[in-house]
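Report on the following structure.
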Amino acid sequence: MVKPYNRKLKPLSRMLRSNMTDAEQVLWSRLRRKQVRGLQFYRQKPLGSFIADFYCPAAKLVVEVDGSQHLEASGERYDARRTETLEAMGLRVLRFDNRQVLSEIDGVMEAIWQQTTLVQGSKNPP
503 MVKPYNRKLK PLSRMLRSNM TDAEQVLWSR LRRKQVRGLQ FYRQKPLGSF
553 IADFYCPAAK LVVEVDGSQH LEASGERYDA RRTETLEAMG LRVLRFDNRQ
603 VLSEIDGVME AIWQQTTLVQ GSKNPP
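So for the sequence shown, the working numbering puts the first residue at 503; every next one is plus one.
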């Protein structure tokens, strides 16, 4: 089922896809082309009034990669509201900071792998 989104976010999501951070590029290289259990992930996907960094509809999973601005009080409040809204849509939200993605990609991928274990029709690990 397609999740509702604000259509005005489409141009911004396209721009964000063209200008991904280094950490987003690293993670996308591991999520794209159904590399995780044969599941499709999308990048910079509008969901509700937000744009999720990565989204897997089959797993009902949003993966966020946070830069330093997310560590500030206003960023933390925004992220909490965003997570609450996405969870109200029936989605799970995983958050990683840029450092984790860039220096601990195997651990990040393991956490994502674990969150996709219950999806029917997904492929077993190699």
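Even glycine gets a Cβ: it sits at the ideal position worked out from N, Cα and C.
Is the CB-CB distance between residue i and residue j below 8 Å?
i      : j      : result
Arg532 : Met591 : no
Asp524 : Leu604 : yes
Ile607 : Val538 : no
Leu549 : Val621 : no
Assuming residue i and residue j form a contact by the criterion Cβ under 8 Å, report the distance between their Cβ atoms to the nearest whole angstrom.
i      : j      : result
Val565 : Phe556 : 4 Å
Trp530 : Met517 : No, Trp530 and Met517 are not in contact; Cβ-Cβ is about 16 Å, not under 8 Å.
Buried or exposed: which applies to residue i, given that a residue is buried once 16 or more other Cβ atoms fall within 10 Å of its Cβ?
i      : result
Glu526 : buried
Thr618 : buried
Val504 : exposed
Leu593 : buried
Ala554 : buried
Gly569 : exposed
Leu514 : exposed
Asn508 : exposed
For residue i, which option in the options has the closest C-alpha, if you only look at C-alpha atoms?
i      : options                           : result
Leu563 : Thr585, Tyr507 and Arg601         : Thr585
Gln546 : Ser520, Gly540 and Ala560         : Ser520
Lys536 : Leu549, Asn508 and Ala560         : Ala560
Val567 : Phe598, Arg534, Gly577 and Cys558 : Phe598
Gln616 : Leu596, Gln602 and Arg601         : Leu596
Ser624 : Cys558, Lys512 and Tyr544         : Cys558
Length at least 3, wholly inside the stretch 531-592: the beta strand (DSSP E) runs in chain order: 544-549, 552-558 and 563-568
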